[in-house]
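J.:
Residue numbers (our numbering): 431 to 1082.
Given below as structure tokens:
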């Protein structure tokens, strides 16, 4: 591999090492060829729909439905998953780009425009990788490195999953920041450092792992020397510019998250979260080894690696020890090549620093492993493969070897793109690769149910039963209420379609699993409350899956257990006080108990929830009973009852 000398003039380094050997500049053919190759590999992504988190975020986030000043303010003043308290994630640049995407294309534009923007962003990143590689490799090797990275299948999650745009934007900022810093000279002024700050801040506000830019700048200085011979004052200004973006992000996060609820951590998303330090680090290095295997052999790709697809490493785990020795050997190689071949040192360091923010070493994040985390680190892998080929093979052999690899990568990327068409195709493909992922079975079950709730009900039940079997042994505080809740819902739907003689059995199965879901839900609510106390946050409104309680109540009503149904519905009213079906079911429960005044109150509440005026005769007839209920605190949420009292002319 050819690398710039530590004492080489900046202007000469900017031309690229390939020009030193007299190799002809490919001119416009090089970037055009890279763009064509990128388009070839991802052309079928333009026909994809929405899958994974994209489907939820783009359709349920109220900020993304129209471009208004208020929505823009919400984008920059609220968390990434707002209004849900899901994680301490703040990515306003990414969210704003999705909002602008929707505004330009409109709702009628469908998913095509989101995928088109993602593809163009990836193509721009390919160009940036090429420009960076020119500074480190010969021009043919640089082109091959960018081409390999363009079509590497590991990038499919970042490109095909619309919300992978966060990784695209963060990588763009890091690559552009390195190019800006690398082209600094002794004459560079404040405009260059302002540009560096702007690029670094844009990356940090797109995704948090863009803060790796500072470490990569330092790595470049250690490997190749200070760019352009710039003086200490200018070097300090460059680092302050990059560091300023991190400080700005930290201040913004503090301002945004200070008034918001503190989200609890979810064990199922990251099984390493509660491990002792050394056990966690031992597991982390095993996962890094798995990442390297995916870069070399990107065949078994999967969109979810949560419980139980990834298991913590034990001290008797042979694979973990193999990974440890392989990583130590890589580290020793990098240090040994520190002076003789600084590019090797730089490539290994780039891989490690780009992985560090998402590795769970410094901070424990929401996920334990994901292919999108490898989008930026894979730049080093592509450069290493291309550089080794052009160093140890003849030009003809290098072109042939890398050409064959490009063909294989392109074919795998094309095939993987098709898996991201929707949740059904994604689930069908990925449960084969990760059969122990409870979330994937849950995803597939929901996709079958959403496609056709009647025709696909048995398939949905089978997948959901598998998901529940995988998590059933977990303590309630570590499990997910959605998995048993959805299984109970599917059982209840099966009861509606079953013969009369079988309905009670299905209802009993549904109620039994929904009771388990309620235990998990209550444990999650307690964990949420504990998180607020630990971080000195005020008590917050409860958050839970309201359909769990509605279906549980429906099962109880079908089984004639009216008091239990009413108890479930009253709790559900705390979660969603303006959800009309709750009041309709409450009216049925009151009627089953022979409580006419209670039924009248429930009907009045239903009318108010639907935006209608309640019948004064029916609601006021229950005024005395209602006042007593309020005094006895029988109604945990009295919003509608107080409205009824006001309409009846009673004092509040």
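C-beta: ideal position from N, C-alpha, C; glycine also.
Residues in its own chain within less than 6 Å of residue 1052 by CB, not counting five upstream and five downstream?
T.: As a position in the chain shown, residue 1052 is number 622, starting the count at 1. With a pLDDT of only 49 at residue 1052, under 50, the local geometry of the prediction cannot be trusted, and the value read off the model is given with reservation. Result list for residue 1052: 1027, 1030 and 1031, in chain order.
J.: Are there 16 or more other CB atoms within 10 angstroms of the CB of residue 752, so buried, or fewer, so exposed?
T.: Within the chain shown, numbered from 1, the residue matching residue 752 stands at position 322. Answer is exposed; the Cβ neighbour count stays below 16.
J.: Alpha helix (DSSP H) containing residue 875: first to last residue?
T.: Walking along the chain shown from the start, residue 875 turns up at place 445. 868 to 881 is the extent of the alpha helix (DSSP H) around residue 875.
J.: Among 733, 913, 992 and 935, which has the Cα closest to the Cα of residue 975?
T.: Residue 975 sits at position 545 when you count from the first residue of the chain shown. When each option's Cα is compared against that of residue 975, the closest is 913.
J.: Residues in its own chain within less than 7 Å of residue 947 by CB, not counting five upstream and five downstream?
T.: Here residue 947 refers to the residue found at position 517 when the chain shown is read from its first residue. Excluding sequence neighbours, residue 947 sits near 911, 914, 915, 918 and 978.
J.: First and last residue of the alpha helix (DSSP H) that includes residue 825?
T.: Counting from 1 along the chain shown, the entry for residue 825 is found at position 395. Membership of residue 825 in the alpha helix (DSSP H) is indicated by the continuous run 825 to 849.
J.: Can you tell me whether residue 749 is buried or exposed? The criterion is at least 16 other CB atoms within 10 Å of its CB, across all chains shown.
T.: Position 319 of the chain shown, counted from the first residue, corresponds to residue 749. It counts as exposed.
J.: Within a Cβ cutoff of 6 Å, which residues of the same chain sit near residue 994, ignoring the five residues on either side of it in sequence?
T.: Along the chain shown, read from residue 1 onward, the residue named residue 994 stands at position 564. 986, listed in sequence order.
J.: Specify the secondary structure class of residue 545 as computed by DSSP and reduced to three states.
T.: Within the chain shown, residue 545 is the residue found at index 115, counting from 1. Residue state, collapsed to three classes: helix.
J.: Considering Cα atoms alone, identify which of 719, 734 and 733 is closest to residue 727.
T.: For the purposes of this step, residue 727 is taken as the residue at position 297 of the chain shown. The shortest Cα separation from residue 727 among 719, 734 and 733 belongs to 719.
J.: DSSP three-state label for residue 749, please.
T.: What you label residue 749 is simply residue 319 of the chain shown in a count that begins at 1. Note: residue 749 maps to helix in three-state DSSP.
J.: Mapping DSSP to helix, strand and coil, what is residue 991?
T.: Sequence index remark: in the chain shown, residue 991 carries index 561 (1-based). Note: residue 991 maps to coil in three-state DSSP.
J.: Is the beta carbon of residue 847 sitting closer than 8 Å to the one on residue 474?
T.: Position 417 of the chain shown holds residue 847. Position 44 of the chain shown holds residue 474. Contact: yes.
J.: Hey, how far is the Cα of residue 706 from the Cα of residue 757?
T.: Looking up residue 706 in the chain shown gives position 276. Looking up residue 757 in the chain shown gives position 327. So the two alpha carbons sit approximately 21 Å from each other.
J.: List the whole-angstrom C-beta distance separating residue 633 from residue 783, where the pair is believed to meet the contact cut-off of C-beta under 8 Å.
T.: Reading the chain shown from its first residue, position 203 is the one you call residue 633. Reading the chain shown from its first residue, position 353 is the one you call residue 783. At roughly 14 Å, the Cβ-Cβ gap does not stay under 8 Å, so residue 633 and residue 783 are not in contact.
J.: Helix, strand or coil, according to DSSP, for residue 767 in the structure here?
T.: Here the question's residue 767 lines up with position 337 in the chain shown. Residue state, collapsed to three classes: coil.
J.: Quick one: residues in its chain with C-beta nearer than 7 Å to the C-beta of residue 777, no 5 flanking neighbours on either side, listed in chain order?
T.: As a working mapping, residue 777 is identified with position 347 in the chain shown. Cβ within range, chain order: 810, 813 and 814.
J.: Got a sec? Which residues, its chain only, sit under 6 Å from residue 640 by beta carbon, not counting five neighbours each side?
T.: As a working note, residue 640 is residue 210 in the chain shown. Cβ-Cβ distances below 6 Å link residue 640 to 600, 603, 604, 633 and 634 in the same chain, with the five nearest sequence neighbours on each side left out; the list follows chain order.
J.: Below 8 Å between beta carbons: does that hold for residue 943 and residue 921?
T.: Position 513 of the chain shown holds residue 943. Position 491 of the chain shown holds residue 921. Yes; because the gap between Cβ atoms is below 8 Å, this pair is in contact.
J.: Report, in whole angstroms, the separation of the C-beta atoms of residue 525 and residue 493, which I expect to be a contact under 8 Å.
T.: To locate residue 525, count along the chain shown from 1; it is residue 95. To locate residue 493, count along the chain shown from 1; it is residue 63. Right, the Cβ-Cβ distance comes to about 7 Å (below 8 Å), so this counts as a contact.
J.: Whose C-beta lies closer than 6 Å to the C-beta of residue 1023 among residues of the same chain, with five residues either side of it excluded?
T.: Along the chain shown, one-based indexing puts residue 1023 at 593. The residues are 992.
J.: Which residue from 549, 896 and 693 puts its Cα closest to that of residue 954?
T.: Taking the first residue of the chain shown as 1, we reach residue 954 at position 524. Nearest of 549, 896 and 693 to residue 954, Cα basis: 693.
J.: Does the beta-carbon distance from residue 775 to residue 667 come in below 8 Å?
T.: Within the chain shown, residue 775 is the residue found at index 345, counting from 1. Within the chain shown, residue 667 is the residue found at index 237, counting from 1. No, Cβ-Cβ distance for residue 775 and residue 667 is not below 8 Å.
J.: Below 6 Å CB to CB, which residues in the same chain sit around residue 452 once its five sequence neighbours on both sides are set aside?
T.: Along the chain shown, read from residue 1 onward, the residue named residue 452 stands at position 22. Note that residue 452 scores a pLDDT of 37, beneath 50, so its modelled location is shaky; the value from the coordinates is reported in the next line. Hits under 6 Å: none found.
J.: Measure the CB-CB distance between residue 850 and residue 591 and report whether it falls below 8 Å.
T.: Taking the first residue of the chain shown as 1, we reach residue 850 at position 420. Taking the first residue of the chain shown as 1, we reach residue 591 at position 161. The answer is yes: Cβ separation under 8 Å.
J.: Quick check: the region 550 to 569 against the region 620 to 627, are there 3 or more CB pairs under 8 Å?
T.: In this structure the region 550 to 569 does not lie against the region 620 to 627, because fewer than three pairs of beta carbons, one per stretch, are closer than 8 Å.
J.: Could you say if the region 857 to 871 and the region 822 to 840 meet the contact criterion of at least three C-beta pairs nearer than 8 Å?
T.: Result no; under three Cβ-Cβ pairs closer than 8 Å.
J.: Determine the direct distance from the alpha carbon of residue 762 to that of residue 769, and round the result to whole angstroms.
T.: Position 339 of the chain shown holds residue 769. Position 332 of the chain shown holds residue 762. Cα-Cα distance, rounded: 13 Å.
J.: When you compare the region 732 to 744 with the region 694 to 714, are there three or more beta-carbon pairs, one atom per stretch, that lie closer than 8 Å?
T.: Short answer: they touch.
J.: Do you know how far the Cα of residue 487 is from the Cα of residue 513?
T.: Reading the chain shown from its first residue, position 83 is the one you call residue 513. Reading the chain shown from its first residue, position 57 is the one you call residue 487. C-alpha separation (whole angstroms): 11 Å.
J.: Looking at the secondary structure, which residues open and close the alpha helix (DSSP H) in which residue 787 lies?
T.: Reading the chain shown from its first residue, position 357 is the one you call residue 787. Note, residue 787: premise wrong, no alpha helix (DSSP H); not H, not E.
J.: Terminal residues of the continuous alpha helix (DSSP H) containing residue 898?
T.: To locate residue 898, count along the chain shown from 1; it is residue 468. For residue 898, the enclosing alpha helix (DSSP H) begins and ends at 887 to 901.
J.: How do the region 794 to 802 and the region 577 to 587 stand: do at least 3 beta-carbon pairs fall below 8 Å, yes or no?
T.: yes
J.: Around the Cβ of residue 940, are there at least 16 other Cβ atoms within 10 angstroms (buried) or fewer (exposed)?
T.: Locating residue 940 in the chain shown gives position 510, where the first residue counts as 1. The residue in question, residue 940, is buried, as its Cβ has 16 or more Cβ neighbours within 10 Å.
J.: Where do the N-terminal and C-terminal ends of the alpha helix (DSSP H) with residue 415 fall, by residue?
T.: Within the shown structure, residues of the chain are numbered from 431 to 1082, placing residue 415 beyond reach of any answer.
J.: Nearest to residue 687 by CA position, among 507, 958, 1039 and 960, is which residue?
T.: Locating residue 687 in the chain shown gives position 257, counting from the first residue. The shortest C-alpha separation from residue 687 is found at 507.
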